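Colleague: This structure is in structure tokens; I'll ask about it shortly.
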Ligand SMILES: Cc1ncc(COP(=O)(O)O)c(C=O)c1O
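Residue numbers (this note's numbering): 41 to 426.
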């Protein structure tokens with residue numbers, strides 16, 4: 041393979057491009073995880089994480105992927121056989137359903153078309169029909185489809201029904217990129233991880249936890265050991281963890297949270313919204329279809345693009361990787377071959393988006409997909425004028 045000049049464009053919807061400052065922070069020497077410098081690092085990082093979740097409560101941090109953080113949310117708050125309400129918004133909602141089923145939970149899985157977020161009126165209907173539901177599980181940003189669910193409206197539906205169910209929300213691909221408010225929106229457990237909006241490599245999982253969820257953890261009867269919040273929170277009080285923590289990722293987290301603070305979270309969110317809008321302008325000008333059908337639910341972090349029936353989205357992705365050294369997201373589950381996903385999140389600016397869309401436009405054209413070459417210009421107009 042010849043040396044590929046220039047940087048690889050990692051435009052999948054996570055893991056995302058890690059900023060150089062974060063990579064340098066991670067490369068510092070590992071320190072004693074039982075010493076005073078480490079305790080100071082833990083305290084600093086756990087405090088700095090809270091604003092990103094919009095919480096004043098604890099954020100349990102694991103050396104794990106997002107899947108581990110899903111499991112942690114369930115085993116800490118529920119008991120075998122409990123009924124939970126979940127929604128088929130796409131591939132990741134389906135995987136979370138499978139995990140819950142494997143644990144022995146009884147999942148009421150509301151079917152969906154993979155083109156919408158969760159409908160709050162359906163939450164209300166299901167809860168009214170079943171007072172025994174113990175938790176409502178929602179994926180905030182469905183990474184397989186680019187549809188975002190409206191968490192405040194879902195919370196309102198739970199409150200209107202006067203239902204005691206816990207609200208568990210997956211923010212794996214929205215946290216740090218999309219406005220999110222754990223406390224204000226009355227979320228009980230917010231699940232997330234490091235490799236997307238938090239600008240880090242994979243390896244950290246999170247549970248932000250409400251007081252109600254902490255109380256539920258006392259009566260939950262799932263066996264739990266590694267995922268148990270209680271010993272972790274007790275050790276965190278002293279600045280430590282009950283196991284060997286991922287020290288270098290925590291250095292990286294300190295740096296990535298500093299980057300977020302320097303830019304300002306409101307500006308980070310606005311930047312992602314703008315890039316989503318510009319990307320959709322390009323897709324429409326190309327004459328292609330955005331998968332997400334509801335204007336209120338378009339994801340600021342990724343856009344899933346439907347390709348015409350006679351084309352295979354994975355072949356277009358392969359061509360773009362080969363010719364332009366750019367990775368796009370594949371179609372997952374039932375969307376395999378039907379869509380490609382453009383990640384526009386994380387360490388990303390206007391010119392990165394212009395380059396990304398140029399690569400996509402050239403790739404579509406080379407693959408023989410009939411696209412209007414005005415797509416990139418349509419996006420540039422949005423960037424110039426907003
Ligand atoms: C919305 C969502 N939830 C959960 C996961 C699973 O996270 P992980 O692959 O880190 O286990 C992903 C992964 O991309 C995701 O996008």
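We put the beta carbon where it would ideally sit given N, CA and C, even for glycine. Everything numeric in this text was worked out from a predicted model, so none of it was measured.
1) Taking DSSP as the reference, what is the three-state secondary structure of residue 181?
2) Can you give the beta carbon distance from residue 237 to residue 385, rounded, assuming they're within the 8 Å contact cut?
3) Would you tell me roughly how many angstroms separate the C-alpha atoms of residue 114 and residue 301, rounded to the nearest one?
4) For residue 264 versus residue 116, is the C-beta distance shorter than 8 Å?
5) State yes or no: is the C-beta of residue 138 nearer than 7 Å to some heavy atom of ligand 1?
6) Of the choices 361, 221, 387, 176, whose alpha-carbon is the least far from that of residue 203?
7) For residue 247, report the span of its beta strand (DSSP E) as first-last.
8) Is it the case that the CB of residue 182 approaches a heavy atom of ligand 1 more closely than 7 Å?
9) Using 8 Å as the threshold, is the C-beta distance between residue 375 and residue 214 below it?
10) Would you mind reading off the limits of the beta strand (DSSP E) that contains residue 51?
11) Look up residue 402 in the DSSP assignment and say whether it is helix, strand or coil.
12) List in chain order: all unbroken alpha helix (DSSP H) runs of 4+ residues lying wholly within the stretch 275 to 325.
13) What residue does the beta strand (DSSP E) around residue 438 start on, and which one ends it?
14) Within its chain, find whatever has a CB closer than 8 Å to the CB of residue 173; leave out the 5 residues flanking it on each side and keep chain order.
15) Need the endpoints of the alpha helix (DSSP H) that residue 438 sits in, please.
16) Looking at residue 242 and ligand 1, is the gap between the Cβ and the nearest heavy atom below 7 Å?
17) Going by CA-CA distance only, name the one from 134, 279, 394, 145 that's closest to residue 76.
18) Tell me which residues share the same chain as residue 489 and place their Cβ nearer than 8 Å to its Cβ, disregarding the 5 neighbours each side in the sequence.
19) Specify whether the stretch 316 to 330 and the stretch 395 to 402 touch according to this definition: at least 3 beta carbon pairs, one from each stretch, less than 8 Å apart.
20) Are residue 94 and residue 210 closer than 8 Å when you measure CB to CB?
21) Hey, would you say the C-beta of residue 132 is under 7 Å away from at least one heavy atom of ligand 1?
22) CA-CA distance, residue 283 and residue 273?
23) Would you tell me roughly how many angstroms separate the C-alpha atoms of residue 65 and residue 146, rounded to the nearest one?
24) Given the structure, does residue 129 come close to ligand 1, in the sense that its CB is under 7 Å from one of the ligand's heavy atoms?
25) Would you mind stating whether residue 88 and residue 297 have Cβ atoms separated by less than 8 Å?
26) Could you check if residue 177 belongs to the surroundings of ligand 1, using beta carbon to heavy atom distance under 7 Å?
27) When DSSP labels each residue in this structure, what does residue 380 get in the three-state scheme?
28) CB of residue 105 to nearest heavy atom of ligand 1: below 7 Å?
29) Is the beta carbon of residue 356 closer than 8 Å to that of residue 347?
30) Contact defined as beta carbons within less than 8 Å: I believe residue 262 pairs with residue 118. What is the distance between those atoms, to the nearest angstrom?
31) Do residue 243 and residue 103 have their C-beta atoms within less than 8 Å of each other?
32) For residue 367, is the beta carbon positioned less than 7 Å from some heavy atom of ligand 1?
33) Does the beta-carbon of residue 212, which I'm using as the reference point, lie nearer than 7 Å to any heavy atom of ligand 1?
34) Does DSSP put residue 338 in a helix, a strand or coil?
35) Between residue 72 and residue 108, what straight-line distance do the alpha-carbon atoms span, to the nearest angstrom?
Modeller: Walking through what the data contain:
1) Numbered from 1 along the chain shown, position 141 holds the residue referred to as residue 181. DSSP places residue 181 within a strand segment (E or B) once states are collapsed to three.
2) Counting from one through the chain shown, the residue named residue 237 turns up at place 197. Counting from one through the chain shown, the residue named residue 385 turns up at place 345. The Cβ separation is near 6 Å, so the contact holds.
3) Position 74 of the chain shown, counted from the start, is the residue given in the question as residue 114. Position 261 of the chain shown, counted from the start, is the residue given in the question as residue 301. A direct Cα-to-Cα measurement between residue 114 and residue 301 gives close to 31 Å.
4) Against the chain shown, residue 264 aligns to sequence position 224. Against the chain shown, residue 116 aligns to sequence position 76. Cβ distance < 8 Å, so residue 264 and residue 116 count as in contact.
5) Here residue 138 corresponds to residue number 98 of the chain shown, with the count starting at 1. Residue 138 has its CB no nearer than 7 Å to any heavy atom of ligand 1.
6) The residue you call residue 203 lines up with position 163 of the chain shown. Among 361, 221, 387, 176, the Cα nearest to that of residue 203 belongs to 176.
7) As a position in the chain shown, residue 247 is number 207, starting the count at 1. Unbroken beta strand (DSSP E) run through residue 247: 244 to 249.
8) Here residue 182 refers to the residue found at position 142 when the chain shown is read from its first residue. Here the distance from the Cβ of residue 182 to the nearest heavy atom of ligand 1 is below 7 Å.
9) As a working mapping, residue 375 is identified with position 335 in the chain shown. As a working mapping, residue 214 is identified with position 174 in the chain shown. The answer is no: Cβ separation not under 8 Å.
10) On the chain shown, residue 51 is found 11 positions in, with the first residue counted as 1. Here the beta strand (DSSP E) through residue 51 covers 49 to 51.
11) Position 362 of the chain shown, counted from the start, is the residue given in the question as residue 402. In the structure shown, residue 402 sits in a helix (DSSP, three-state: H, G or I).
12) Correct list: 287 to 303.
13) A question about residue 438 goes unanswered here, because the residues of the chain that appear run from 41 up to 426.
14) Here residue 173 refers to the residue found at position 133 of the chain shown. Here the set comprises 123, 124, 125, 148, 166, 167, 203, 205.
15) Because the chain here runs from 41 to 426, residue 438 falls outside it and cannot be looked at.
16) Start at 1 with the first residue of the chain shown, and residue 242 comes out as number 202. If you check the C-beta of residue 242 against ligand 1, you find a heavy atom less than 7 Å away.
17) Taking the chain shown and counting its residues from 1, one reaches residue 76 at position 36. With distances taken between Cα atoms, residue 76 lies closest to 279.
18) With the chain covering 41 to 426 only, the question about residue 489 has no answer from this structure.
19) Counting Cβ pairs under 8 Å, three or more are found: they touch.
20) Against the chain shown, residue 94 aligns to sequence position 54. Against the chain shown, residue 210 aligns to sequence position 170. No.
21) Position 92 of the chain shown, counted from the start, is the residue given in the question as residue 132. Result yes, Cβ under 7 Å from ligand 1.
22) The sequence position of residue 283 within the chain shown is 243, counting from 1. The sequence position of residue 273 within the chain shown is 233, counting from 1. About 12 Å.
23) One-based indexing of the chain shown puts residue 65 at position 25. One-based indexing of the chain shown puts residue 146 at position 106. C-alpha of residue 65 to C-alpha of residue 146: approximately 44 Å in a straight line.
24) For the purposes of this step, residue 129 is identified with residue 89 of the chain shown, where counting begins at 1. Not one heavy atom of ligand 1 lies closer than 7 Å to the C-beta of residue 129.
25) Here the question's residue 88 lines up with position 48 in the chain shown. Here the question's residue 297 lines up with position 257 in the chain shown. Their beta carbons are under 8 Å apart, which means residue 88 touches residue 297 by this criterion.
26) Your numbering for residue 177 matches position 137 in the chain shown. Look at residue 177: its beta carbon is at least 7 Å from all of the heavy atoms in ligand 1.
27) Here residue 380 corresponds to residue number 340 of the chain shown, with the count starting at 1. Under the three-state reduction of DSSP output, residue 380 falls in the strand class.
28) Sequence index remark: in the chain shown, residue 105 carries index 65 (1-based). Under cutoff, so the answer is yes.
29) Residue mapping note: residue 347 aligns to position 307 of the chain shown, counting from 1. Residue mapping note: residue 356 aligns to position 316 of the chain shown, counting from 1. For residue 347 and residue 356, yes; Cβs fall inside 8 Å.
30) For the purposes of this step, residue 262 is taken as residue 222 along the chain shown, with counting starting at 1. For the purposes of this step, residue 118 is taken as residue 78 along the chain shown, with counting starting at 1. The pair is a contact, with the Cβ atoms about 6 Å apart (cut-off 8 Å).
31) Walking along the chain shown from the start, residue 243 turns up at place 203. Walking along the chain shown from the start, residue 103 turns up at place 63. Yes, they are a contact pair.
32) Reading the chain shown from its first residue, position 327 is the one you call residue 367. Not one heavy atom of ligand 1 lies closer than 7 Å to the C-beta of residue 367.
33) Within the chain shown, residue 212 is the residue found at index 172, counting from 1. Here the distance from the Cβ of residue 212 to the nearest heavy atom of ligand 1 is below 7 Å.
34) Start at 1 with the first residue of the chain shown, and residue 338 comes out as number 298. Of the three classes helix, strand and coil, the one that applies to residue 338 here is strand, per DSSP.
35) Position 32 of the chain shown, counted from the start, is the residue given in the question as residue 72. Position 68 of the chain shown, counted from the start, is the residue given in the question as residue 108. Cα to Cα, residue 72 sits roughly 25 Å from residue 108.
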